[in-house]
Each structure stands twice: as structure tokens, then as C-alpha cells.
Amino acid sequence: MKVELEAVPETTLWTLYHRAVEARRPDGLLHDPEAVELVGRIDYPFAERFGGERDLLAQLQALRVLSFDREVADFLVRCPRGTVVCLGDGLETEYWRVDNGRAQWLSVDLPDTIALRER
0 MKVELEAVPE TTLWTLYHRA VEARRPDGLL HDPEAVELVG RIDYPFAERF GGERDLLAQL
60 QALRVLSFDR EVADFLVRCP RGTVVCLGDG LETEYWRVDN GRAQWLSVDL PDTIALRER
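Here numbering that gives the first Met the number 0 is used: position 8 in the sequence shown is 7, and no number is missing along the way.
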């Protein structure tokens, strides 16, 4: 799918790309097959635009993501049928990493970002 950056903030693609880079590493900190799949489906020059696969940036992004995942997972232990509200989450794949199958997930984002996510 082709991405028009007038409509989708580039940070959405930056965070997705670095999660995928870390998830592809055999010794990666983050297991995120959804991010890897999305990067493969989006027609965008990720490596050219973001400087290739830079392990340090990918690992830092993974640590950030894992801290959010841990907080959400802890919340879902305390409130298994809780509601997780994701504000401006872009192409985040946290749902696939931590969903317990009982919680409700709501995503609030820019209309163009939501349209991209629905494709």
C-alpha cells in the first residue's frame, strides 16, 4: 500500500520501522511479527528515509515499547475486562502483543492514520 505523508505523520512510520528492525533480529528484545508484516506491506523507502537498520535506535524503541506493554499487561491482570484507550497510536501493534482476549481496545487518532490502518 502506498503511503502519502501529507496525511500520515512520518513518526508513525519511524516507530513502526524500528519495531520491525528489532523484531527481525534473532536476539531481538521485542517479538512483533505484526510490525514486520506491516513494514513489508507498506510502499515506503524506510531504510533510505530512516538511515537503514540501526540497531541502537531499534533497541531503544523496543525498550520504550516494552515499558508500555508491561504497564498495559499489568493493567489487564488487575482489570481483565478493562478498556485500553490508545491515543495517537498510529501503526502501533501493542494489541497483538498484549491483548488478553477479554479487554476492549479503543484507538483515537487522526482520520488519515485510521484510514491507513484500516487498509
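Idealized CB from N, CA, C, for every residue including glycine.
What is the rounded straight-line gap between the Cα of residue i and the Cα of residue j?
{"i": "GLU52", "j": "ASP26", "result": "15 Å"}
{"i": "ALA57", "j": "ARG18", "result": "6 Å"}
{"i": "VAL38", "j": "ARG23", "result": "11 Å"}
{"i": "ILE41", "j": "ARG48", "result": "14 Å"}
{"i": "TYR16", "j": "ASP54", "result": "12 Å"}
Under 9 Å between the Cβ atoms of residue i and residue j?
{"i": "TRP64", "j": "PHE74", "result": "The question names Trp, but residue 64 is Val in the sequence shown. Going by C-beta atoms, VAL64 is not nearer than 9 Å to PHE74."}
{"i": "PRO32", "j": "TRP95", "result": "yes"}
Please go through the same chain and pick out, in chain order, the residues whose beta-carbon is closer than 7 Å to the beta-carbon of residue i, but skip the five residues on each side of it.
{"i": "ALA72", "result": "VAL97"}
{"i": "THR11", "result": "GLY89, LEU90, THR112"}
{"i": "VAL35", "result": "ALA19, ALA22, ARG23"}
{"i": "ASP125", "result": "Residue 125 cannot be examined here, being either before or after the span of the chain that is shown, 0 to 118."}
{"i": "ARG116", "result": "LEU90"}
Residues in its own chain within less than 8 Å of residue i by CB, not counting five upstream and five downstream?
{"i": "LEU105", "result": "THR82, VAL83, VAL84, CYS85"}
{"i": "HIS30", "result": "ALA22, ARG96"}
{"i": "ASP68", "result": "GLU93, ARG96, VAL97"}
{"i": "TRP13", "result": "PHE49"}
{"i": "LEU62", "result": "LEU28"}
Quick one: what's got a C-beta closer than 6 Å to residue i's C-beta in the same chain, skipping five residues either side?
{"i": "ARG80", "result": "ARG101"}
Checklist line | Cβ contact check for the stretch 79–94 and the stretch 105–112: 3 or more pairs under 8 Å | finding: yes
Checklist line | Uninterrupted beta strand (DSSP E) stretches inside the stretch 39–102 (no shorter than 3 residues) | finding: 82–86
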